[in-house]
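Residue numbers (the UniProt record's numbering): 1 to 196.
The structure is reproduced here in structure tokens:
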């Protein structure tokens, strides 16, 4: 990979046993914690800022996911404003997918590999980060291509026993731990950098 190519940040949550979703792609186990992310004594968060989703999101210029994650987002926010308004949201899919209406919605559904489309994704992000949303096959493609810069995982104190894993196959990469943060609700954030 060209050293000048900006790599993506993976920012997401997993169960204690490493699953992103239950076997039916459900996130109820995670959504029960919505609004309880409290870390008043936390060290600075991802990207050197003061901890939390809002700070992370402010540094994002474009998002990319697979169709399963995208369809969950569309369904979850169907009665609300599009949560990623003003930022390009790229979806890797071989299917035609519905695109929500509304101000600032910029969804780009493409039938291409990560390597084929990534230059366009980076260009659409400008001087900000690319956020890899979701996991599974798309996360594995990014890891295999060496396109994950950092992995920021919030580990939720729930054991699912089965479900959709972070990577659908072991990545051909190693990760070095950059830091950890504990939250008062029992969650922990693990921050890694891809090292090879």
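We put the beta carbon where it would ideally sit given N, CA and C, even for glycine.
Inset, instruction - Report all residues from its chain with a CB closer than 7 Å to the CB of residue 30; omit the five preceding and five following residues, and keep chain order. - result: Cβ within range, chain order: 13, 156.
Inset, instruction - Measuring alpha carbon to alpha carbon, tell me which of 112, 152, 115 ends up nearest residue 131. - result: Answer by Cα proximity: 152.
Inset, instruction - State buried or exposed for residue 97, treating a residue as buried only when at least 16 other CB atoms are found within 10 Å of its CB. - result: exposed
Inset, instruction - With residue 140 as the anchor, note down where its alpha helix (DSSP H) starts and where it stops. - result: 137-144
Legend entry - DSSP-derived helix/strand/coil call for residue 39: Any reading at residue 39 is ruled out, since the residue's pLDDT is 49, under 50, leaving its predicted position unreliable.
Legend entry - Selection from 77, 65, 123 that minimises the alpha carbon distance to residue 111: 65
Inset, instruction - Drop a sphere of 10 angstroms on the beta-carbon of residue 81, count the other beta-carbons inside from all chains shown, and report buried for 16 or more, exposed for fewer. - result: exposed
Legend entry - Residue closest to residue 146, alpha-carbon to alpha-carbon, out of 67, 70, 193: Each of 67, 70, 193 was checked against the Cα of residue 146, and the nearest Cα belongs to 193.
Inset, instruction - Please confirm if the region 56-63 is in contact with the region 174-183, defined as three or more CB-CB distances below 8 Å between the two stretches. - result: no
Inset, instruction - Would you identify the three-state DSSP class for residue 131, choosing helix, strand or coil? - result: strand
Inset, instruction - Tell me whether the beta-carbon of residue 9 lies closer than 7 Å to the beta-carbon of residue 103. - result: no
Inset, instruction - Identify whether residue 149 lies in helix, strand or coil by the three-state DSSP scheme. - result: strand
Inset, instruction - Compare the C-alpha of residue 114 against each of 143, 73, 16, 21 and name the closest. - result: 143
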